[in-house]
Each structure stands twice: as C-alpha cells, then as structure tokens.
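Per our numbering, the very first residue in the sequence shown carries number 1; after that it's consecutive.
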Amino acid sequence: MKEEQLIQELRDGQDRAFSFLFREHFASTLHYITNNSGTREDAEDVFQEALIVLVRKLREQTFELNVKVASYLYAVVTKMWLYKLRSRRGIYEDSDLLDNHMDPNNYFEQSDNQEAQYAIVERTMTFLKEECRDMLKLFYFERKSMNEIAGVLGYSQDFVKVKKSRCMNELRKKLLQHEEFQNLVKL
1 MKEEQLIQEL RDGQDRAFSF LFREHFASTL HYITNNSGTR EDAEDVFQEA LIVLVRKLRE
61 QTFELNVKVA SYLYAVVTKM WLYKLRSRRG IYEDSDLLDN HMDPNNYFEQ SDNQEAQYAI
121 VERTMTFLKE ECRDMLKLFY FERKSMNEIA GVLGYSQDFV KVKKSRCMNE LRKKLLQHEE
181 FQNLVKL
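Structure below.
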C-alpha cells in the first residue's frame, strides 16, 4: 500500500489500513516489547494505543508527518512502552507529565534521526555478549538501579558499576565503527 493511500485510509478509519499496519508492523512491536520485559498482551495494548495516537494526529489539520507512517508508529510504540515500564515502577506519577513527554511530535522535534539511531543501537547490541546486553537493557530500558541489577544478575553493586561501564565502552566502540550511525549523530 502506498504511503499517501495509507494515510488517507487511516484518516478515514478504514479497516483495511489498520489491518495492513497490523500485518506489516505488529511483529516489530511484539519483538521490541517482549524483549523489554513485556508480554504479547502488552504489545497488543501498546500497538492499539499507538494506532489511536497516530490516527488522532493524522486527523489534526496542523499536523505534518515528516517520516513514514511505520517509523512514526514505531516511535510512538517505543516511547509508550518505555513510559509504561517507568510508570509500573512508580517513576512517574503525574499523568500530565506523561502526556507531555509522550507526544510523538516532541519526539521527532528532538531528532528526526532518533528512531534510526535507536534501531542501529539495538542492532549493534546484538553483537555484544549476552551478559552485556542484559545489563544494558536492565539499566537503560527497564531503568533498574545498580543495586537491583546486582540482585538480578547475582553480582555485587561495585562489580555491576564496573561491568556496565565496560559494556557501554564496548557498545560505543562498535557504534564508532558503524558508518551509518556516524552519519546520523556526532559521538
């Protein structure tokens, strides 16, 4: 389905457009959420909420979509999921704060390339040792404290601090070697 046609059908609320997005893009949402402490049910909920956000934005007269629908949808999904994880842990209590930060327009204003950067970081993390991947996911995606990570992984808090630093250095080295990432961001 062409992008312009997809946008128009989403604005019109046509089932065909929603089915297309689900068929083509739900798998990436499911993969992202289940790899970041979520379940299939979480993925379904977040995907549906993200679709609602997308359609509401598309129906706004002043809204201008500067990226592909799939990119926008994935950005909304990732932001929603990160905020859901944080709110589950009680980091954010104020729903106004959540609403303000979850506006996808704010997300894209910060950086049009942010989603591409994130995708490269996520792919690059697959080349790290499993222990490093787990530690970085716990710290950055699940927002666990060093003490909590130490408990999960069975290490002392001091060891976790040193290991996290080493893992981040390894990730940085790999990203510095990634030409596409260098083109997107200045490290």
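Where a beta carbon is used, it is the ideal one built from N, C-alpha and C, also for glycine.
Just verifying my parser: in three-state terms, what is the DSSP assignment at residue i?
i	result
Thr39	coil
Met168	helix
Tyr32	helix
Phe18	helix
Val67	coil
Ser87	helix
Tyr72	helix
Glu191	Lying before the first or after the last residue shown, residue 191 is absent from the chain, which here runs from 1 to 187.
Glu60	coil
Could you check how far apart the C-beta atoms of residue i and residue j are, in whole angstroms? I think they sit under 8 angstroms.
i	j	result
Met73	Leu54	For the sequence presented, residue 73 should be read as Leu rather than Met. Between Leu54 and Leu73 the Cβ distance is about 6 angstroms, and since that is below 8 angstroms, they are a contact.
His31	Ile120	16 angstroms between Cβ atoms; not a contact.
Starting from the C-beta of residue i, find all residues in its chain whose C-beta is less than 6 angstroms away, skip the five residues before and the five after it, and write them out in chain order.
i	result
Lys144	Leu138
Glu24	none
Distance check for residue j and residue i, CA to CA, integer angstroms please.
i	j	result
Arg166	Glu142	19 angstroms
Phe18	Leu10	7 angstroms
Arg86	Asn36	12 angstroms
Gln61	Glu49	21 angstroms
Lys57	Leu128	37 angstroms
Ile52	Gln5	18 angstroms
Thr78	Ser28	10 angstroms
Val69	Leu21	9 angstroms
Arg123	Thr39	21 angstroms
Met1	Asn66	18 angstroms
Arg59	Glu3	15 angstroms
In chain order, what residues of the same chain lie with their CB nearer than 8 angstroms to the CB of residue i, ignoring the 5 residues before and after it?
i	result
Met135	Ile149, Leu153, Val160, Lys163, Lys164 and Cys167
Thr126	Arg133
Leaving aside the five residues before and after residue i along the sequence, list all residues of the same chain whose C-beta is less than 7 angstroms from its C-beta, in chain order.
i	result
Glu64	none
Arg16	Glu9
Ile33	Asp42, Ala43, Val46 and Trp81
Asn147	Gln157
Phe26	Phe47
Give a single yes or no on whether residue i has its beta carbon closer than 7 angstroms to a heavy atom of the ligand GDP.
i	result
Phe139	The ligand content of the structure shown is nil, which means the ligand GDP is not present either.
Is residue i close to chain C, meaning its C-beta is less than 8 angstroms from at least one C-beta of that chain?
i	result
Val121	Among the chains in the structure shown there is no chain C, since it carries only a single protein chain.
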